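K.L.:
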Ligand code: BGC
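Numbering (the working numbering), first residue to last: 1 to 907.
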C-alpha cells in the first residue's frame, strides 16, 4: 500500500509563525519496491473553518519535496495541509492533516510598538524587567494567536503560564537587519473575562557584554518588548491586542543576567502573581510604572517558524565529588550547554552560589582558567518559599557545577543530589543522522561530535559555549557544516544564519570573521583582530560552501538563490584582492591551531598564500557550478574560466617541476588533493607523499582547522583507505580517540587541550566543547557508511552508496533521515551468525572475514547506485543487477530494502 507517512512544512513537523506560504514536502511509504510518485494533489484549508484556500488539483509530477504554492493567507491563522499521491500502481489515501500557523504576513500589518520598562539611563544595567497588561476578553474565544519578540531576551506569560517552550528568544541575529519574532497559538491560554499578559525581559546578546572587547550595548541601550495578538471570538468578531504605552513596567527579581557571567536573582523581589489577572484593576502595586515606546523598524522583523532554542535533554547529577581542595562539585557526566536547575526552600536572605565549569584539572580540582573572564556563576537569594529555579537570560557551558555557597553549608548540597538537574539548551532540530560501529571508542567519538553540535547550535553556530567568546565564527561553521547537515536537520538553522552572513558582508563583499558581526567597526588593540575583522580563507568561504553543502544534503535550490548575490560578492572580493590569481588578505588564520605551528603560536606551518589560493579556487569552482544550476550561464562561464586560471596558478606556484609541493605540510597536501588542485600526473605521488608525511609523525596528524576535516578523505579518495582508518583509529596523542580516551564527552578545541601528563594547553584558548575537529564525522557517514549525495539529484533523491569497509570494523550501520525519508545503510563482515558471535569470533581469530553483507534501505520516490569496493566480487546480489565499471561492481536500485553479499579483494 502507498501512503503519505508524514508531511513537512518549511521542513518542520510543525511550523508556527511562517512567513507567508510555507514550502511543503512529504515522506511516502510503500510495501512495494521501486516506487516513484507519478502525481500529487495538495490542499490547504483554514483549520478552524475548513475553508479551502489552495487546491493544486492532480499535478502530474514526481516532486515530493519543497513544493511551493501561492495563496493569499491571513496573518496569525492556522491552516491544515493534506496530500494525496499516486504512482503507477495505486492512489494513496488522503493524508492525515498537518498544521501550520502563519506569522504576520507583511510589515505594514504590525500595529504594535516596542515598549520598554527601562530608560536610556539603564544602559549600564543588565537587569530583568517586567511589562504587563490586563485585557478583557468579552466573549467566548474561538482562537487566538500571538506574535512576540524583544530587543534583548524575553519570556512571555499569559495568566501566569509561560507561553511556548522557547528559551533565549528571540535568539541572536544581526538585529538591525533581521530580528526574529515568534508566533504561538494561545487559544488555550486565554479565558473569557480578565487575562493578564506579561513578559520578563533581559539584556541578552542585544545589550549585555559580548565579544572580545567585552563591550555592552552592541545593538541598543534599552530592552523592549513587542507583542501583537489576535483574538477571534465565536461571534466572528476579531480583536487586536498590541504593546503600546498603555502597558505597565517594573523591575523583575533578576538583578543581573548576561551570557558570559551568569545570573543574580533575588527571589525576595518576586511580585506574587505579577503575570496573573488582578482581582481588581486598581490593585496594581506601586512598583509598576509607565513604559516607554522605543522606535524600531518593523521591516526587519523576520518570522521564525521553528528551530528555536528549547530545553532539550535533562541530566541528573551523576556524582557528587569533594575535590582534593575541598570543593563540593556536581558532575553531570556530559559537557553541555544550558542550565543548572535546583530546588530549595531556604530562609529569606540565604544565598546560593553555583559556578559552572567544564573540566577538573589533573589533580581533580576545579579548573576555571579556560573560561577566561566568563564568570558562569548563578547567585540566588532565597525568599523562604519552596522553589525550583533555573537562570533566565543566560546559558552556561559545563559538565561540573561547584557549589560555592548553599544554605547550611556547601557540603550539605551533596546530601540532596536529587535537587539538582542540568538541562541542555539548543536549537530544536530533528536528529537526522545515526552511526554505530564495532569500535566503542569511535561510537563515543560520534557521541562527542553530536554533543559538540548540540552545545554550539544555540540559535547561531558558536565556536564554544563556555568562555567569554561564544560567537558565530564563520570558519568553524564552514568546516563542520557537512557533518552537522548529516547529524541534524540544520536547514532552517543555517538558512537563518546565512541571511546574516549576507547581511553583514562588507560593501565590498568581505565576509566577517564572526556573524552576527559584533567585531567590525570597533577599535581593536589586541594582537589578532587589530589586523582585520573580515575575509579570512576557510572562514569567509562559509558564504559559498555552506549554501552548497545544504543544497547537496537537503536538495532545495532556494538556498542557492537566496545566497547567490552574497556568494558572488565574496568571490569578487577575492578576485579584486588577488594578485595574478594568488589571493591573500590582511588577517588570515591559516591552518589554525595546527600542531606544526611554531612553539606558542596558533598559526600552522602551511603558508597563507597556499591556503588562501586553494580556498579561492575551491569556492570559485563551486560558485561556477551553482551559477550553472541556477541558469546564470554568463556567470557560469566567467567563473569556470576564473577557476581554471586559479588552479593553473596554484599548480605553477605550489608545485615544483618535479611535482613536489613547495610546502611540505600535511595540510598543503590534503587540501591540494581534496580541492582537486593537483596536476593529474602528480596525483599519485602527492597522495603517497601525504602518507609519508603522516608516517614521519608516527602516523599522527599535525593538522589544524584547514587540514583536519579532509585528512581521511584525501587518503581514502586516493587509494589509502587502510591509512585513513588507521588515522581515525589512532589512540595516542594527537588524535580524535586520544580525547575520547581522556574521557571527553564533546570535541576539544586543541589536540592537546589536556596533555598526556594531565596538564592543560594555555588557558587563554582551551575549549573542551568546540565542534570544529568533529568535522571527521563527515568521513564516518560518507566513507565508512558510504552515504554520498549526488549533486545532479541532490537531497539524496539519488544516493550513491559506496562504503569502504576497511580492516578495522566488523560492522557499521547508520541512517540519514532525508527529506524523502530514511536512507539506511549497514554492513557487516560475515563471520558468525549473530553479531555477538561475530564479534567474539573476530576477537578470537584476530582476522577479518572477506565476505561483507551490505544492506541498504532506499526511501520511496528516490533511487540509489550501490557501488562495491574496488576489486570486490559479488557473492549474492539477489534482485540487484550488478555491472562492472572499471574494477568496481555497481547496481542501480529504486526504493525498498536491498541486500548484497560480496567478497573483498585480497582479504
Ligand atoms: C575561536 C575559533 C576561531 C578562531 C579564529 C578562536 O578564538 O574559538 O574557533 O575560529 O578564534 O581565530
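By construction, the Cβ of each residue, glycine as well, lies at the ideal position given by its N, Cα and C atoms.
Since we're looking at a predicted model, the values are computed, not measured.
#1: Give every residue of the same chain whose Cβ lies closer than 6 Å to the Cβ of residue 6, excluding the five residues on either side of it in the sequence, and list them in chain order.
#2: My output table needs one value for residue 266: the three-state DSSP class, helix, strand or coil.
#3: Measuring alpha carbon to alpha carbon, tell me which of 291, 863 and 136 ends up nearest residue 194.
#4: Where does the unbroken beta strand (DSSP E) through residue 331 begin, and where does it stop?
#5: Just mark residue 237 as buried or exposed, buried being the case when its beta carbon has 16 or more other beta carbons within 10 Å.
#6: Compare the C-alpha of residue 65 against each of 596, 557 and 471 and name the closest.
#7: For residue 669, name the three-state secondary structure that DSSP assigns.
#8: At what residue ranges does the region 62–146 contain a whole run of the alpha helix (DSSP H), taking only runs of 4 or more?
#9: Mind listing, in chain order, the residues whose beta carbon lies closer than 5 Å to a non-hydrogen atom of ligand 1?
#10: Helix, strand or coil for residue 259? Go by DSSP, reduced to three states.
#11: So what does residue 30 bridge to, in DSSP terms?
#12: Determine the contact status of residue 773 and residue 851, defining contact as a CB-CB distance below 9 Å.
#13: Excluding the 5 residues preceding and the 5 following residue 222 in the sequence, name in chain order all residues of the same chain whose CB lies nearer than 8 Å to its CB.
#14: Does residue 581 come out as helix, strand or coil in the three-state DSSP assignment?
#15: Closest by CA to residue 856, which one among 39, 803 and 455?
#16: At the level of alpha carbons, what is the spacing between residue 94 and residue 594?
#17: Taking the straight line between their C-alpha atoms, what separation do you get for residue 846 and residue 806?
#18: How far does the beta strand (DSSP E) with residue 55 in it extend, from its first residue to its last?
#19: Would you give the residue range spanned by the beta strand (DSSP E) that residue 405 belongs to?
#20: Does the count of Cβ pairs from the region 861–881 and the region 786–802 closer than 8 Å reach three?
#21: Along the chain, where does the beta strand (DSSP E) containing residue 873 start, and where does it finish?
#22: Residue 618 lies in the alpha helix (DSSP H); which residues open and close that run?
#23: May I ask which residues mark the beginning and end of the beta strand (DSSP E) holding residue 812?
#24: Excluding the 5 residues preceding and the 5 following residue 190 in the sequence, name in chain order all residues of the same chain whose CB lies nearer than 8 Å to its CB.
#25: Give a yes or no on whether the C-beta atoms belonging to residue 733 and residue 700 are separated by under 9 Å.
#26: Please classify residue 147 as buried or exposed, where buried requires at least 16 other C-beta atoms within 10 Å of its C-beta.
#27: Is the Cβ-Cβ distance between residue 942 and residue 728 less than 9 Å?
#28: Three or more C-beta pairs under 8 Å: does that hold for the region 325–336 against the region 373–392?
#29: I'd like to know if the region 610–624 and the region 632–642 are in contact, where contact means that at least 3 CB-CB pairs between them fall below 8 Å.
#30: Going by C-alpha to C-alpha distance, which of 474, 219 and 693 sits closest to residue 545?
#31: Thinking just about the alpha-carbon of each residue, which of 576, 549 and 56 is nearest to the one in residue 85?
#32: So, helix, strand or coil for residue 727, using DSSP?
#33: Mind checking whether residue 109 and residue 1 have CB atoms under 9 Å apart?
#34: I need the DSSP call for residue 248, collapsed to helix, strand or coil.
#35: From residue 267 to residue 253, what distance separates their C-alpha atoms?
#36: Give a yes or no on contact between the region 253–263 and the region 175–184, applying the rule of three or more CB pairs nearer than 8 Å.
P.N.:
Taking the definition as stated:
#1: As a position in the chain shown, residue 6 is number 6, starting the count at 1. Cβ within range, chain order: 27.
#2: As a working mapping, residue 266 is identified with position 266 in the chain shown. Correct three-state label for residue 266: strand.
#3: Counting from 1 along the chain shown, the entry for residue 194 is found at position 194. It is 136.
#4: In the chain shown, counting from the first residue as 1, residue 331 sits at position 331. Where residue 331 is concerned, the enclosing beta strand (DSSP E) stretches over 328–344.
#5: Within the chain shown, residue 237 is the residue found at index 237, counting from 1. Exposed.
#6: Position 65 of the chain shown, counted from the start, is the residue given in the question as residue 65. Residue 557 is the option with its Cα nearest to residue 65.
#7: Locating residue 669 in the chain shown gives position 669, where the first residue counts as 1. The three-state reading of DSSP puts residue 669 in helix, counting H, G and I together.
#8: Entirely contained in the region 62–146, not one alpha helix (DSSP H) run reaches 4 residues.
#9: Result: 463, 473, 475, 476 and 589.
#10: Along the chain shown, read from residue 1 onward, the residue named residue 259 stands at position 259. In the structure shown, residue 259 adopts coil according to DSSP, grouped into three states.
#11: If you number the chain shown from 1, residue 30 lands on position 30. Beta-bridge partners of residue 30 (DSSP): 2.
#12: As a working note, residue 773 is residue 773 in the chain shown. As a working note, residue 851 is residue 851 in the chain shown. Cβ atoms of residue 773 and residue 851: not closer than 9 Å.
#13: Counting from one through the chain shown, the residue named residue 222 turns up at place 222. Sequence-distant Cβ neighbours of residue 222 in its own chain, meaning closer than 8 Å and more than five residues away, are 116, 118, 119, 120, 122, 123, 151, 207, 292 and 294.
#14: Taking the chain shown and counting its residues from 1, one reaches residue 581 at position 581. Secondary structure of residue 581 (DSSP, three-state): coil.
#15: The residue given as residue 856 occupies position 856 in the chain shown. Shortest Cα-Cα distance from residue 856 to any of 39, 803 and 455 involves 803.
#16: Position 94 of the chain shown, counted from the first residue, corresponds to residue 94. Position 594 of the chain shown, counted from the first residue, corresponds to residue 594. Straight-line measurement puts the Cα of residue 594 at about 56 Å from the Cα of residue 94.
#17: The residue labelled residue 846 in the question sits at position 846 within the chain shown. The residue labelled residue 806 in the question sits at position 806 within the chain shown. The pLDDT assigned to residue 846 is 43, lower than 50, so where the model puts this residue is not dependable, and the model offers no usable value.
#18: For the purposes of this step, residue 55 is taken as the residue at position 55 of the chain shown. From DSSP, the beta strand (DSSP E) with residue 55 extends over 52–55.
#19: By one-based count along the chain shown, residue 405 stands at place 405. Note, residue 405: beta strand (DSSP E), 396–405.
#20: The region 861–881 vs the region 786–802: in contact.
#21: Stepping through the chain shown from its first residue, residue 873 is reached at position 873. Its beta strand (DSSP E) spans residues 873–876.
#22: Within the chain shown, numbered from 1, the residue matching residue 618 stands at position 618. If you look at residue 618, you'll find it in the alpha helix (DSSP H) that goes 608–629.
#23: Here residue 812 is taken as the residue at index 812 of the chain shown, counted from 1. According to the DSSP assignment, residue 812 belongs to the beta strand (DSSP E) that extends over 811–818.
#24: The residue labelled residue 190 in the question sits at position 190 within the chain shown. 137, 141, 144, 158, 159 and 231.
#25: As a first step, residue 733 is located in the chain shown; it is residue number 733 there, counting from the start. As a first step, residue 700 is located in the chain shown; it is residue number 700 there, counting from the start. The beta carbons of residue 733 and residue 700 sit closer together than 9 Å.
#26: The residue given as residue 147 occupies position 147 in the chain shown. Classification for residue 147: buried.
#27: What the structure shows of the chain is the stretch from 1 to 907, and residue 942 is not part of that stretch, so it cannot be assessed.
#28: With a cut-off of 8 Å, the region 373–392 and the region 325–336 do not count as touching, because too few Cβ pairs lie within range.
#29: A contact is defined here as three or more CB-CB pairs under 8 Å, and the region 610–624 meets this definition with respect to the region 632–642.
#30: By 1-based counting over the chain shown, the position of residue 545 is 545. Comparing C-alpha distances from residue 545 to each of 474, 219 and 693 shows the shortest one belongs to 474.
#31: Reading the chain shown from its first residue, position 85 is the one you call residue 85. Comparing Cα positions, the closest option is 56.
#32: The residue given as residue 727 occupies position 727 in the chain shown. Residue state, collapsed to three classes: helix.
#33: Position 109 of the chain shown holds residue 109. Position 1 of the chain shown holds residue 1. In this structure, residue 109 lies away from residue 1, with their beta-carbon atoms at least 9 Å apart.
#34: Position 248 of the chain shown, counted from the start, is the residue given in the question as residue 248. The DSSP-derived three-state label of residue 248 is strand.
#35: Position 267 of the chain shown, counted from the start, is the residue given in the question as residue 267. Position 253 of the chain shown, counted from the start, is the residue given in the question as residue 253. One Cα belongs to residue 267, the other to residue 253, and the distance between them is close to 6 Å.
#36: By the Cβ rule, the region 253–263 does not count as touching the region 175–184, because fewer than three pairs are nearer than 8 Å.
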